[in-house]
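Q: Below is one structure. I have some questions about it.
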Amino acid sequence: MEINSPVFENSWETLFPENQSSFQERASSHQMSAENKYKWKFMQKPFINTRLSRRSVHTDQIFLLFHILFFVLKPVPSQSWDDIIVTESDYHALQAFKHDLIDPKNMLKSWNDTGNGVCSGSWAGIKCARGQIIVIHLPWSGLSGRISEKIGQFQALRELSLHDNVIGGLVPYSLGLLPNLRDLKLFNNRFSGSIPPSLGFCSFLQTLDLANNSLSGPIPDIFSNLTKLLRLDFSFNQLTGSIPSSLTESASLVFLDLQNNNLSGSSTNLGHTQLCGYSASTPCPILSSQAPPEAALPDKKRYGELSIKDLILILLGTLLIILLVACAILILWLLRITKRVKETKNSHSAGTKGIPANAEEVEASAGTEGKLVHFDELKVFSTENLLCATAEVIGRSTYGTVYKTTMENGIQVAVKRLREKITKGPQEFFTEVNALGKIRHPNLLALRAYYLGPKGEKLLIFDYMSNGSLATFLHVHNADAPINWATRIQIAKDVARGLFYLHNKVGITHGNLTSSNVLLDEHKNAKISDYGLSRLMSSASNANVVATSGALGYRAPELSELRKATTKTDIYSFGVIMLELLTGRSPGDGMDLPQWVASIVRKEWTNGVFDVELMRDQSVSGDELLSTLKLALRCVDLSPSDRPEALPILRQLEEIARPETDVDSSGEDGETMPSPSA
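Note that the working numbering has the sequence shown beginning at 2, numbered continuously upward.
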């Protein structure tokens, strides 16, 4: 769908003349990375059957023994496959993909909601490489529904095989955003509509099979870009029009089937006599599976002439190997048990979940140096209430673990347990945490209390936000309840107000602003969390946060040299969040969202940048989207000096949104939302 606005008719150079050099630099780097990725080499060295002498038989026996030794004594990896975590972007895309499918046979029951085991082989039809999804293989699974547009987030996906199901709807336009796609097999389904021309951007595509659906319209002229395409099958559809010239001139095709459509034009223009199916005179044969050649079969006589002595030696060697393996397994088991015992002791001594094991511990902690400090006059819970509450892990970060804590009186709070040995000394920590506890703003998550345990444990208590993080809200929401423009622009304004207050009123640089620590309350008001935590940490811990924040895709380029966060690095992170709101894409590991946007707009395919849900929103104009996109790209400018400050950003967002999308600016603490001039 395109936005019917004259704004989109202008060239990108006219809209953004000041950013041409940075856009070109990013777009070229993006192209080069795509051309140099994933070069595969396969080598095959088959065994050759020969007539062996007596000497060769003994050689083969030794070879067989070493062969057994190699596989049995293969080193046990130090980590299980379950430790390989799928990227956040791919996990959100998997959840959206599953949500839009109907699974009457319960074939996707292994796709849990926690993300555990995605890359371990326990998720049906999923294969990973380095934490990214590379194969989705679910043929003959009885699936119906439709394919989510979030399919375009699988940046490493090489194969999508959903053939022989009953999936309907449109073929997703976002398939064209998969730079590494090799095989697309959607035949024998119920897809309708036209073939998306965006498939022309999948330059590595080798197999494109959409046969036996209900596709209509012309075949798009996209094949000049598909220089690696080997197999193309559009047969048994309702396609009309002529065969594109880029298809007739393709030099790579070895299989083509266009039969049973309503295509016009001469088939003699194809120029490939080995191709089939483009006319009634050249039907495509049904390929049968070929039996393996005899040379590939094992020689049954090869090991059939072993002497009794040889068999005894092999048996003794095998028993020795089994004994060694059993000893190794026993040692590893004992080491694992010892490690678990130590971890259990440490967790009880340090209070891992902030909840004592029994009433005696509650009484002991209340009577020792443990201290609970409230920043509000109304003390809604005591130390005993806090330590006896039930806790559920809802997040982890560089600073520590966050729990959703429910007390006996029903009060729910979020408790952040800071990691040990990363905070400042007691006196400095006390000074800084009391300063943070006085900060109050409607768009900042307020620190309500803190607890210092008798053994050095430190807990920070905040309000619990029922709608979770902005990342979850954007990427794991119900496709039947799209997020409209008014909600998105309001969230952007809320974050800008909070950032303006931090920078200009209390002099705090956030340093790790992401959509995961922008939280939403029950009214979808955005609140920035994790601000000021760097003041509680030691210098070494803060350096670690700066070093690791880039892995989430929000890192400003200059942080590699500065090693210190500034207000300009915060503005860069805010620009990435704005792009996230506009595109609906998650800047997970392995993806530079600003670079991706730059590469798309340089191709003058600006419509492809925006989230499909926004394109369907009748309340938003093309001018609003383009103005917001231009502002976001200024925020992620490669030069820090060219990025705007928080106040001009807030003013421009309010100008774009206008009063009709504004909401009540009063906050929960009774404080009025600061105006841009504040």
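All residues carry an ideal CB built from backbone N, CA and C; glycine is no exception.
Which partner residues of Gln-413 appear in the DSSP bridge assignment?
A: Thr-407
Q: Can you list, in chain order, the residues of its chain with a C-beta nearer than 6 angstroms to that of Met-579? Leave out the 5 residues immediately preceding and following it.
A: Within the same chain, Ala-493, Ala-633 come within 6 angstroms of Met-579 by CB-CB distance, once the 5 residues on both sides are set aside.
Q: Which residue from Glu-562, Pro-558, Tyr-502 puts its Cα closest to that of Leu-445?
A: Tyr-502
Q: In whole angstroms, what separates the C-alpha of Gly-387 from that of Met-408?
A: Inspection of the sequence shows that residue 387 is occupied by Leu rather than by Gly. Taking the straight line from one Cα to the other gives about 7 angstroms.
Q: Short check: CB of Thr-570 to CB of Leu-560, under 7 angstroms?
A: yes
Q: Just checking my contact of Asn-505 with Asp-531 at CB under 8 angstroms: how many whole Å lie between their CB atoms?
A: Wrong, their Cβ atoms sit about 19 angstroms apart, outside the cutoff.
Q: Which of the three DSSP states, helix, strand or coil, is assigned to Lys-372?
A: strand
Q: If you count every other CB in all the chains shown that lies within 10 Å of the CB of Asp-612, and 16 or more means buried, which is it?
A: buried
Q: Per DSSP, which residues does Tyr-451 bridge with? Please list them.
A: Val-374, Leu-461
Q: So is Ser-251 buried or exposed if we call it buried at 16+ other beta carbons inside 10 Å?
A: buried
Q: Should the stretch 430 to 447 be regarded as contacting the stretch 521 to 531, the criterion being three or more beta carbon pairs within less than 8 angstroms?
A: yes
Q: Report the start-end ranges of each alpha helix (DSSP H) in the stretch 549 to 608 that is 4 residues or longer and not cut off at the edges.
A: 560 to 563, 568 to 584, 594 to 603
Q: Which word fits Ser-215, buried or exposed, when buried means at least 16 other C-beta atoms lie within 10 angstroms of its C-beta?
A: exposed
Q: Is the beta carbon of Ser-247 sitting closer than 7 angstroms to the one on Lys-229?
A: no
Q: Contact between the stretch 152 to 163 and the stretch 84 to 98: three or more CB pairs below 8 angstroms?
A: The stretch 152 to 163 and the stretch 84 to 98 touch, with no fewer than 3 CB-CB distances between them shorter than 8 angstroms.
Q: Please report the straight-line C-alpha distance between Leu-187 and Leu-471, rounded to a whole angstrom.
A: 33 angstroms
Q: Leaving aside the five residues before and after Asn-468 along the sequence, list all residues of the same chain whose C-beta is less than 7 angstroms from its C-beta, in chain order.
A: Phe-474, Leu-521, Asp-522, Glu-523, Lys-525
Q: Less than 7 angstroms separating the beta-carbons of Asn-213 and Asn-189?
A: yes
Q: Arg-191 and Phe-205: beta carbons closer than 7 angstroms?
A: No, the pair does not count as a contact, with Cβ atoms beyond the cut-off.
Q: Around the Cβ of Pro-595, are there at least 16 other Cβ atoms within 10 angstroms (buried) or fewer (exposed)?
A: buried
Q: Excluding five sequence neighbours on each side, which residues of the same chain lie with their C-beta closer than 7 angstroms to the C-beta of Val-507?
A: Ile-440
Q: Spatial neighbours of Ala-644 within its chain, please: C-beta separation below 7 angstroms, excluding the five flanking residues on both sides.
A: Residue identity differs from the one stated: residue 644 is Arg in this sequence, not Ala. If we look at Arg-644 and ignore the five residues flanking it on each side, its Cβ neighbours are Lys-569, Ile-572, Tyr-573, Arg-635, Cys-636, Asp-638.
Q: Helix, strand or coil for Gly-201 per DSSP?
A: helix
Q: Please name the residue in Ser-600, Lys-106, Asp-481 whose C-alpha comes closest to that of Arg-617.
A: Asp-481
Q: Tell me Ile-313's beta-bridge partners as DSSP assigns them.
A: In DSSP, Ile-313 forms no bridge with anything.
Q: Would you mind sorting Gln-619 into buried or exposed? The rule is 16 or more other CB atoms within 10 Å of its CB.
A: Around the Cβ of Gln-619, a 10 Å sphere holds fewer than 16 other Cβ atoms; the residue is exposed.
Q: Measuring only the C-alpha atoms, how far is Ile-332 from Val-326?
A: Ile-332 and Val-326: Cα-Cα distance of roughly 10 angstroms.
Q: Going straight from the alpha carbon of Gly-499 to that of Phe-431, what length do you get?
A: 24 angstroms
Q: Is Cys-389 helix, strand or coil by DSSP?
A: coil
Q: Do Lys-110 and Gly-143 count as a contact pair if the criterion is CB distance below 7 angstroms?
A: no
Q: Do Ile-412 and Val-403 count as a contact pair if the criterion is CB distance below 7 angstroms?
A: Going by C-beta atoms, Val-403 is not nearer than 7 angstroms to Ile-412.
Q: Going by other Cβ atoms of all chains shown within 10 Å of its Cβ, with 16 needed for buried, is Thr-241 buried or exposed?
A: exposed
Q: Return the residue from the list Gly-146, Gly-177, Asp-104 that minimises the CA-CA distance to Gly-169.
A: Gly-146
Q: Which of the three DSSP states, helix, strand or coil, is assigned to Gln-133?
A: Residue state, collapsed to three classes: strand.
Q: How is the beta strand (DSSP E) around Asp-531 delimited, first residue to last?
A: From DSSP, Asp-531 is part of no beta strand (DSSP E); its letter is neither H nor E.
Q: Just to confirm, is the Cβ distance from Lys-128 to Val-136 under 7 angstroms?
A: yes
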